[in-house]
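Only one structure is covered here, and it is reproduced in the block below.
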Amino acid sequence: MWASSSPVRLAERFASLVEQLGGDAVAARALGQQRDLLEAVRTNAPATLKQVAARVGRGEPAVSRAIDVVVRSGLVDRSADPNNRRRLALRLTEAGQQFLEQPPPANRGLENRLAKLAQSELRALERGIEILERLPK
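In this text, residue positions in the sequence shown follow our numbering: the first is 17, and each later residue adds one.
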């Protein structure tokens, strides 16, 4: 079976496997982006949308949508800036402060699954990863 596997079939199987396993990485990345957003609000409090966008390196429309999510989640308070009625002031809520004080949860999904493999299987995976890392770009 292995010797007759074509590069096309191997690529298809690998892509499918990456898609299956990638869910953990996507969730971890989203959580990291949310933490970055909250950290930017905390650092600049009372923060403006423009300050937060500059701090996280994203456009104001994208940051505005992300702020909407954390406001609905109760992590950020959005109120009118008393010095400028056209501007909004962003501050962390108590829940937002607590969220940032907790260490980020480790991405343990794949690690826990790999821990169930035998040492010989882990060595085989390591060898496969080494081969993939050497593929020409």
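No residue lacks a Cβ here, since even glycine has one placed at the ideal position from N, Cα and C.
Keep in mind the model is a prediction, meaning the values are calculated, not measured.
Backbone CA spacing between R25 and N128 [nearest angstrom]: 28 Å
Contact set for M17: own chain, Cβ-Cβ below 7 Å, skip 5 residues either direction: Residue placement at M17 is poorly supported in this model, since its pLDDT is 48, which falls under 50; the coordinates are not used for a value here.
Supposed contact pair V72 and D52 - C-beta distance, whole angstroms, cut 8 Å: 5 Å
For S95, three-class secondary structure by DSSP: strand
Nearest to V86 (by Cα), restricted to the options S95, G112 and E76: G112
L106, buried or exposed, once every other Cβ within 10 Å from all chains shown has been counted against 16: buried
Outcome for V57 when other beta-carbon atoms lying within 10 angstroms are tallied against a minimum of 16: buried
Through-space distance from R81 to R88, alpha-carbon basis: 11 Å
Same chain, Cβ closer than 6 Å to A63, five either side skipped, listed in chain order: V57 and L106
Runs of alpha helix (DSSP H) wholly within the segment 52 to 140 (minimum 4 residues, chain order): 65 to 72, 76 to 88, 110 to 117 and 125 to 130
Supposed contact pair V79 and L91 - C-beta distance, whole angstroms, cut 8 Å: Not a contact, Cβ separation roughly 14 Å.
Three-state class that DSSP yields for R143 in the structure shown: helix
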